[in-house]
Structures are given as C-alpha cells and as structure tokens.
Amino acid sequence: MNAIASQGKKNLLRNWIFWALIFITGFAIIIRSYPAWTNAAWGCDFGIYLGLTKTVSETGLIFPAYSGWGSSYNEFPVLYSINSIAHFITGIDILVIMPKLTPVFGGLSVLVFYFVARELINDKKIALISTLFFSVIPFHVYQTSHASPLTIGHFFMMVCMLFFLKFRKNSKYLLPLLISSILLIMSHHLTTYFYIIILIFIVFLENAKSSKWTKTFKKDILYLLLISATTFSYWAFVATTVYESFVRSGFSIGGIRIGSFFVILLFYILFFTMFWMITILRKQYKTTKKIKLLIGGVYNKIKLGLKTPFIIYNKKMNNEKVGEIYWYKKHNIHNRFFIKFSLTLISSVLVMVIFTVISIPWINDTFTSESIIFSFPFLVIISFGVAGFSYTWKMKNGLFICGWIIAVMISFVYAIISSNNILLPHRHIEYTMAPLAIIAVFGLGGIFSDPTFKKLLIKFKRKRKFFTKAKSKRRILSNKNPILQLFIILLIITSLSATPYLAHKTLNASDERITSENIAVFEWMDENLDKNHSLIASDHRLARMSEAYGFNTTKDETEELWEAESIDEYIDELLGIGKNHTRITHIIIDNIMKYDVVHVHFGEIRYMVNDSREDESKYASYDKFLKEPFNLIYRNESIELDKVTQEPIRWTEIFEVNWTYLEKNNYIH
-17 MNAIASQGKK NLLRNWIFWA LIFITGFAII IRSYPAWTNA AWGCDFGIYL
33 GLTKTVSETG LIFPAYSGWG SSYNEFPVLY SINSIAHFIT GIDILVIMPK
83 LTPVFGGLSV LVFYFVAREL INDKKIALIS TLFFSVIPFH VYQTSHASPL
133 TIGHFFMMVC MLFFLKFRKN SKYLLPLLIS SILLIMSHHL TTYFYIIILI
183 FIVFLENAKS SKWTKTFKKD ILYLLLISAT TFSYWAFVAT TVYESFVRSG
233 FSIGGIRIGS FFVILLFYIL FFTMFWMITI LRKQYKTTKK IKLLIGGVYN
283 KIKLGLKTPF IIYNKKMNNE KVGEIYWYKK HNIHNRFFIK FSLTLISSVL
333 VMVIFTVISI PWINDTFTSE SIIFSFPFLV IISFGVAGFS YTWKMKNGLF
383 ICGWIIAVMI SFVYAIISSN NILLPHRHIE YTMAPLAIIA VFGLGGIFSD
433 PTFKKLLIKF KRKRKFFTKA KSKRRILSNK NPILQLFIIL LIITSLSATP
483 YLAHKTLNAS DERITSENIA VFEWMDENLD KNHSLIASDH RLARMSEAYG
533 FNTTKDETEE LWEAESIDEY IDELLGIGKN HTRITHIIID NIMKYDVVHV
583 HFGEIRYMVN DSREDESKYA SYDKFLKEPF NLIYRNESIE LDKVTQEPIR
633 WTEIFEVNWT YLEKNNYIH
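Here my numbering is used: the first residue of the sequence shown is -17, the next is one more, and so on.
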C-alpha cells in the first residue's frame, strides 16, 4: 500500500502539466489580486458590496434591505455570504478580507477553465496553453480583480460550463450541475443571462449543423428549460427589481417596452421556434447540398483559373521540373492564418484610431493614443482569434467553442442597435474571453503551419532538433524554428500581464483606487458627523464608500459642481434644485479627483484640471473649495511626498458647506 502511495507521489512530481497548472493558477490569482494588495480597496462600486456584506454579517439576513445608489444588489447574496463566513471564521475585518479574498475566485475560474478546455479539445497541452492565455487576457483579469458579484458570477459560470460538459457524458453530474447553476443564479444576473443564451445557441448550432439530433439533445433541452425556468422564477419572486428592470428595460422591440411576463413568454416561443426551424431546414437539406456542390464546383474552377502555380525544380536532377504547388493548398495553409491575422490587427488599430476623434456611442468617451498602445497586446489576441476561427469551427467540439463567441456577439449587436441601457455593449466583451483564449491558440499555431503545436511539443522532447533552422522559403513563419514560437508566446503573455490596469487607466474614464487616506476620512466621519443630518457629495467611488459607512449621498446627481468655478454655476446643485436630494452638507475630494478624473457615474466624466490653461488658474475648479462657502474640516495625507512638488502623494479632504454664508450673501432665494 505504501509502495503504491509512494509511486503516486512520484508520478505527481513528474507530471509537469500539473505543476504548470498550479503555477498558472497562482499567477492568475496574483495578477487579479494586485490592486487589492497595493490599495486599501479597489472598485468604483466597492462601497456597495462592503456595506451589504457588513449588514449581512451583523444581522445574519441573507437578503438585507438596501437604500443606496442603484438597485437589486441585495438580491444576489453569494458574494456577501462568502465574505461574511470568511470574516466569521478568521475574525479579519471585512474591509480587509473582502478585497483580498474575492479576486481569488477570479483566479480559480482560470483553473476551472483548464478542465473546460480539456473537455472540449481533448488535448492537455493545448488546454494548458489556452489556460495560460486566459490567465492574463485583459478584460477577464480586470473585471475579476474586483470584490463584486460579477467575479463570483464568472467563477460559477465556468463551474457550470464544466459540469454541463460532464453531464452530457454522464448523467451523474446532474446534481453538481444544478447546485452550481443555483449558485450562479444567486450570484449575478448578467452572467446568468449570458450563460443561458450561450448554451441555447450552442445547442441550436450543433443540431442545425447535424443531419440528425445530437445524442445529448434531450438532456440539453431538459437542462435549458430547467435553468431558464429557475432563473425567471428567482427573478420574479426574489430579485423582483431585476424582473421589473432588467427583463423589461433590457428588451424592447422598436422602442416599445414589453411587460416582463410577455418577455418571458416570447423567450419560450423563440426557444421552441429555433429548434422547430431545424426540422424544416433538414427537409431542405438535400436540395441545399446540391446547390452547395454546384456553387463549390464553379468557385473551384474560377479559383484554379486565376491562380498561377509555382514551379518546383530539383537541382540534383539538372533543374528538372518535378511538380507544381498552389499557395492556398494544405502545406501552405499558414499563409491564410497570417493574412487573416494581419488584416484583423490593422483593422482593429484603425478602428481605435477613428474612436480617438469620434466618441464611442454607449460610453460617450474616446480612446487616447496611450490606450491604443496599451491595448495592442489584446488586439493581437483578437487577431489570433480571427485567424484560428475557421480551423476551430471544423474541429470536434468546434461548434461549441465558436458558438460561445457567436452567441455573445449576437447579443452585442442587439445591444448596439437597440441603444440598450441595461445590456451595455462593452459588458459583452468579457464573456468572449474564454473561447477566445482557445481559438487564439489555434490561430497562433496556424501561422506556423502547426495549429495544434504538435511539432513544437515534439521538439521539446527531442532536444537535438530544438534548434533546427528554418529551411522553407514558401512559409512566412516556419514551424521548424521553435525558438521564434516560444518567443512570441512569452512576449504575448508578458505584454498581456503588464497591460490590464494600464490600458484602463489611460482611458481617463475612471480610477478605481480606494486609498488608506480615503478610509481614514470615512472613519473620521463615522465618529464626528451626524449621519441623520448629513448629505455627502463626491465621485461615484467615494460616494458609495460613504453609503457603506451609513451616510446619505446625492446618488451621483452632483455633476456641474466639479468643473464649475463660480457660485452661480453650482448653487442649484448645492440646494438640490431639480434633483432628488436636499441641501448638500459635505463634499469629499481626494488627489485622484483633483489631478486625474471625477467619475460621476457611468457615461458622465468630469475633470477638475483645465489643461487649456498653463498658469495656476488651471486648478480653479478645485481652488474654489478653499474659500467660502466651503470650509475644510478634515484632511488626511500620506507620509510619502512627491519628489518634484514635495507635496503628499495621496490625500483626502472633507469640506463643510457654510449655509450661513450663502444665506447672508443672498445666494438663497
């Protein structure tokens, strides 16, 4: 028995894939946890989740009441329950443990992804390379670095995908699939939406491309009906605000809003219609096949007529002609990969350049030149994905992988066309990252005429051939030079690792850092201000934190105050005229708001620095707070000083509005 156990340990130590997977998972957790460990907390919405977790921990209520900005946050309790339990077990303050623990689930979703990829492509090594890409792919890294329901949603979505694939092979996985599905539903409504539409489209695509129903069709339909019914029931009876807002506002036809019940009814009508259409298409299958053969034959004749073959000569046979080759044939298939990659990369850069001048419609902002530079590694991954798409489409389970992306893109197009305020277009991108990581690997390999990397991996084993020089002149990039392949992979991984947070910061749209100086001000407020008679104005990030400490805020209705310079420009906002709040009593400002950006709310961005001015008046928007009607009542600053200005690097200030001054000077009528 001991001998067997000892042999098992030796095999485990020799299993390089196991240790590589551990390393990748650890790195995925570290890169996602980086913002939380270098700041007091991280995330513009973090205050919402902090406040709810504190309430759950203190009251024991799974669904606590919520009166802060936004809605439905208290209806998805998995995030708050996990962190409350961790707080109970460890005794560590929720403010400390929550931003550190939650990104771990983002990293663990990378571990689960490996097993999903292995189920789909049945190749451990390709699955591992895909997992390496997925661990650093920017949108997933950035989004799952937050202590938010979305991060937990991504984790359980990946777990659900794994158990769904397992369930297709063996019904014994139904129970874990159902449990993980319920946890997903209770974690994040948007992720649940994407999970359902992805699976529906995959099942539809697999059966539409087959001449008969797939072996798992009945199981697939049963599960899809079950999870959709459970989701709608949860939204209708528990997450009621989602039922009324997400379902109703998220879906409209021609600008006409449809009632939630009819949206659900329409969902099931479309669901069954999709699969009924497959039966109709199959009846036309023979006719369609004949048309395809006819068109294909004509196309091939035209193609052969247009192409000029390369003549192959053999020098050892006195330059005798030995054959002809065409660039598009199998041994030169890498050229197709390379052309698709190049065209996509060039097009992507051009699109970003255009949007440096024209505002992106749904976010009302533009790219900066710096954001294009830092986004370039991600554009490379997208380009590899486009290059490898057709190859992936034709492989076993390729329809599952490609269908995953197509389903999200269909929703993306709908969101743009409908100018949707619930299904925001940019929120779709993160849900394509998992399949993109797989397809991009095949795209990269295809450029080297080796989509599955078999020749590269063989050279690892045969070290003598590892440094073989490229001899083929017909190939743009040869698979005979593994050093170049490895260099490109490492360069991509390194550049992707370095850019997730930099790319977002260069957009100048928001800064999600919550500093220790911010926390010090909130703690001072907690001890010195009257929560019942205080109304706080700040940016979205600090306003949500104020709510977590029990203060009322303007709920992002303060907009003009940040760029205004004279009282006449902002007095109405202080009074709450035309707003849903009363008089503002206190204003919180920190170094981020002054020097970087005031993220009022999504789509509303203000800047306190006027770069069009070169003198001190460029800070006039901030300087107004240093005089009446504002009084600085507390400031907390860092010990570290700026090397140039010798001023504290980080600081946070809270100002009190002097209403007596405003009344005496007749600003209030």
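Backbone N, C-alpha and C fix where the C-beta goes; we use that ideal spot for every residue, glycine too. None of the values given here were measured: they were computed from a predicted structure.
Of the residues assessed, S15 falls on the buried side of the cut-off, its CB having 16 or more other CB atoms within 10 angstroms. Taken in chain order, the unbroken stretches of beta strand (DSSP E) that lie wholly in the stretch 473 to 552 and span 3 residues or more are 517 to 519. Remark: three or more beta-carbon pairs, one from each stretch, lie closer than 8 Å, so the stretch 20 to 34 and the stretch 495 to 510 are flagged as touching. Under DSSP, E638 takes part in a beta bridge, and its partners are H568 and N613. Contact annotation: G425 and A485 have beta-carbon atoms that are not nearer than 7 Å. Counting of Cβ neighbours within 10 angstroms places G241 among the exposed residues, the total staying below 16. Here P59 is buried: its Cβ has 16 or more other Cβ atoms, across all protein chains shown, within 10 Å.
With fewer than 16 other Cβ atoms inside 10 Å of its own Cβ, R595 counts as exposed.
Shortest Cα-Cα distance from V390 to any of F607, Q125 and F183 involves F183.
Secondary structure of W19 (DSSP, three-state): helix. Remark: C-beta atoms of T326 and S365 approach each other more closely than 7 Å.
According to DSSP, residue pairing for N618 in a beta bridge involves T634.
Excluding residues up to 5 positions away in sequence, E499, N500, V503, D572 and N618 lie with their Cβ nearer than 6 Å to the Cβ of T634 in the same chain.
Counting along the chain, the unbroken alpha helix (DSSP H) around E188 starts and ends at H171 to A190. A211 sits exposed, since fewer than 16 C-beta atoms from the chains shown fall within 10 Å of its C-beta. With respect to the 7 Å criterion, H583 and D538 are classified as neighbours on the basis of their beta carbons.
The alpha-carbon of H568 is positioned some 14 Å away from that of L608.
Within the same chain, S353 come within 6 Å of L489 by CB-CB distance, once the 5 residues on both sides are set aside. For H136, the secondary structure class from DSSP, reduced to helix, strand or coil, is helix. For V582, the uninterrupted beta strand (DSSP E) run begins and ends at V580 to H583, by DSSP. Counting only the Cα atoms, G135 lies some 15 Å from N56. The Cβ atoms of T196 and I167 lie no closer than 7 Å to each other.
Taken atom to atom, the span from the alpha-carbon of F70 to that of I570 is near 32 Å. Each residue's CA atom was taken as its position, placing C384 and S479 some 25 Å apart. Proximity of the stretch 75 to 93 to the stretch 136 to 156 meets the contact definition, three or more beta-carbon pairs being nearer than 8 Å.
For F116 and V362, the gap between their C-alpha atoms comes out near 14 Å.
In the structure shown, W24 falls within a strand segment according to DSSP collapsed to helix, strand and coil. Taking every protein chain shown into account, the CB of N534 has 16 or more other CB atoms within 10 angstroms, so this residue is buried. Taking the C-beta atoms as reference points, R523 is found nearer than 7 Å to C26. Distance from the CA of T476 to the CA of I(-1), rounded to the nearest whole angstrom, comes to 20 Å. When secondary structure is reduced to three states using DSSP, D202 falls in the helix class.
With 16 or more other Cβ atoms inside 10 Å of its own Cβ, I636 counts as buried. Secondary-structure assignment with DSSP links I342 through a beta bridge to D347. Closest in alpha carbon position to L614, among H563, L623, F219 and Y604, is Y604. Cα atoms of I465 and I429: separation of roughly 14 Å, rounded to the nearest angstrom.
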